[in-house]
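*Asks:* Quick one: this structure, given as structure tokens, is what I'll be asking you about.
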Amino acid sequence: MDGPVIADAVYRALKGGAKIKDVFDTVQAVADAGAAALVMTYWNPVDRYGADAFLPRPCQRRRGRPDHPRPHAGGGPALA
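Residue numbers (our numbering): 294 to 373.
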């Protein structure tokens with residue numbers, strides 16, 4: 294369960310029509326500007342969007358693996 298600040302931010306983003314693609318576009322704009330972006334997420338959005346579609350985006354540049362891959366998902370996707 295998230296705290297009230299994160300819960301309110303999620304509510305406002307969803308109410309405002311934010312989509313996962315918007316996050317990808319923002320990360321790409323940050324990368325195009327020469328800066329680094331750190332994106333943290335729960336597994337649920339990756340699972341719903343589809344790992345194959347989610348991971349090839351700019352956020353795949355993270356080195357390592359998800360902290361808590363789902364055991365029934367085969368240990369989580371391999372990242373760069």
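Ideal placement from N, C-alpha and C gives every residue a C-beta, glycine not left out.
Let's see if you can read the secondary structure: which residues bound the alpha helix (DSSP H) around Thr319?
*Replies:* 313-325
*Asks:* List the whole-angstrom C-beta distance separating Val320 from Val303, where the pair is believed to meet the contact cut-off of C-beta under 8 Å.
*Replies:* Going by Cβ atoms, the distance from Val320 to Val303 rounds to 18 Å, so no, they are not a contact pair.
*Asks:* Can you give me the C-alpha to C-alpha distance between Tyr342 and Tyr335, rounded to a whole angstrom?
*Replies:* 12 Å
*Asks:* Quick one: using the 10 Å Cβ neighbour count with 16 as the cut-off for buried, is Val339 buried or exposed?
*Replies:* It is buried - the Cβ of Val339 has at least 16 other Cβ atoms within 10 Å.
*Asks:* If you follow the alpha helix (DSSP H) that Val298 is in, where does it begin and where does it stop?
*Replies:* 297-308
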